[in-house]
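In the UniProt record's numbering, the protein residues as written are 1 to 428.
Note that CB positions come from ideal geometry on N, CA and C, so glycine has one too.
Keep in mind it's a predicted model, so treat the numbers as computed, not measured.
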Amino acid sequence: MLSPIQVLCSDITTLSLEPEPFASYTEADIISTVEFNHNGELLATGDKGGRVVIFQREPETKTEPFSQGEYNVYSTFQSHEPEFDYLKSLEIEEKINKIRWLPQQNAAHFLLSTNDKTIKLWKVSERDKRPEGYNLKDEEGRIKDISTVTSLQVPVLKPMDLMVEVSPRRVFANAHTYHVNSISVNSDYETYMSADDLRINLWHLDITDRSFNIVDIKPANMEDLTEVITAAEFHPHHCNLFVYSSSKGTLRLCDMREAALCDKHSKLFEEPEDPSAHSFFSEIISSVSDVKFSHSGRYLLTRDYLTAKVWDLNMERKPLETYQVHDYLRSKLCSLYENDCIFDKFRVCLERLRQCHHDRSLQQLLPHVRPEHQARRDLGSVEGEQQTPGRPQAEEGLLRRRKAPQGRHQRGQPGLYQEDPPHGMAPY
């Protein structure tokens, strides 16, 4: 069995759960991305070999009441293969850059996976019964001679061992000139966007041969290029809003209702640089590697090399909170630059019920970062790729759920369970 924290470590093989010597691991076994589905029951990991491994959470039992946090292998499939671009004479590696789950609509699960160029939609379903007793087919599936059929029978479904089937449903290709770094599913559940270094495209999940370019920052002369797109994310509730980050440390909030091409942003989030703290490495470490909306859509959580920041959509001039994640590395930036570790990218995410952050540091650990104000709830987890699901034990300072009184309308329908926001703040 594999614990969620073990899954987040990048040196864990995705093919074997048994301890093996590190020498037996190959470059293809290194995990490149992880993603929980919306209820935390499934965890998908992608590796540098183009494989996707899906883990399923172990249900809690009477004999093992604390086994809910353990995950077992549910399915494994090859998502991408190495390709070669003959026009540009470039090799396209099979490494999985991003995985995104679609909200579950029926018994099957759907997920998007992408490498540098091609995005694929996969269907994951279970089958524990098989049909038998066909009139025109024999047991091996071959068509019978009609003249030999003397009686008719009703086909029946017979139980069989549980089988998990993974099948490709869509392939979205030939739309990105540069490497894809982000994919994000829209709240309308019909569209999603994919971002590369200079462009963001909007796709419909049912249309594979056409996409719409909604952001294009490529200059007429590439010598004038000053920044690239590093991440993009849809708003969790408003399907017309999205945000993207850049290598200059800026965030741009765009509204697709304003124009077909969102070359002009609605809001620009940028923290003024302190001249006294400027150095040769300032531009490198200020590059935003990931951005996420809070669950309410009111706040943004960003990650650069040394800090995690919380932004309010109503305050563009500076972040609400800044958390020092790797502050001890400030004196070692020169060494990190020489071995290229300063260009490593770290991801960020939010937990719903936690009051602390997690981060996958350079040592592949998950240190906690607690908010300074106990009144501020759930700023999320800054972990390697995704959070560990599950309801934590009630702690002092955490918000308690309460039942809204019947007949009183308080930010929701009467009778529904609501959460009190911290005093003076909107809920996350």
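Around the Cβ of residue i, are there at least 16 other Cβ atoms within 10 angstroms (buried) or fewer (exposed)?
i, result
"Y305", "buried"
"E233", "buried"
"T45", "buried"
"E132", "exposed"
"K318", "exposed"
"F55", "buried"
"P94", "The residue you asked about is not Pro; residue 94 is Glu in the sequence shown. Buried, since its Cβ has 16 or more Cβ neighbours within 10 Å."
"A308", "buried"
"S289", "buried"
"I143", "exposed"
"C334", "exposed"
"D29", "buried"
"K403", "Summary for K403: the model assigns pLDDT 39, below 50, so the residue's position carries little reliability; its value from the coordinates is reported in the next sentence. Exposed is the call here."
"S331", "exposed"
"G141", "exposed"
"T177", "exposed"
"H80", "buried"
"T26", "exposed"
"K158", "exposed"
"Y71", "buried"
"I214", "buried"
"E351", "buried"
"H237", "exposed"
"I207", "exposed"
"E35", "buried"
"L87", "exposed"
"F84", "exposed"
"Y299", "buried"
"H278", "exposed"
I'd like the span of the beta strand (DSSP E) that includes residue i, first residue to last.
i, result
"E83", "83 to 85"
"L241", "241 to 246"
"residue 454", "Since the first residue shown for the chain is 1 and the last is 428, residue 454 is missing from the structure and cannot be characterised."
"E321", "321 to 324"
"A175", "Premise fails: A175 is in no beta strand (DSSP E) and is neither H nor E."
"residue 429", "For residue 429 there is no data in the structure shown, the boundaries of the chain being 1 and 428."
"N213", "212 to 216"
"I99", "98 to 101"
"L90", "90 to 92"
Sort out for me which residues DSSP pairs residue i with in a bridge.
i, result
"I229", "S246"
"D312", "Y299, M315"
"A44", "E35, I54"
"H109", "V124"
"T76", "V53"
"N181", "DSSP output for N181 lists no bridge partner at all."
"P131", "L157"
"L198", "In DSSP, L198 forms no bridge with anything."
"T307", "Q324"
"Y192", "V185, W203"
"T114", "K98, I119"
Output the boundary residues of the alpha helix (DSSP H) element that contains residue i.
i, result
"I284", "282 to 285"
"Y337", "333 to 338"
So what does DSSP say about residue i, is it helix, strand or coil?
i, result
"G141", "coil"
"L268", "strand"
"C262", "coil"
"P222", "The question names Pro, but residue 222 is Met in the sequence shown. Reduced to three states, the DSSP call for M222 is helix."
"P275", "helix"
"T148", "helix"
"D327", "helix"
"F346", "coil"
"D290", "strand"
"S24", "helix"
"L136", "coil"
Could you confirm whether any beta carbon from chain C is found closer than 8 Å to the beta carbon of residue i?
i, result
"V34", "Included in the structure is just one protein chain, with no chain C present."
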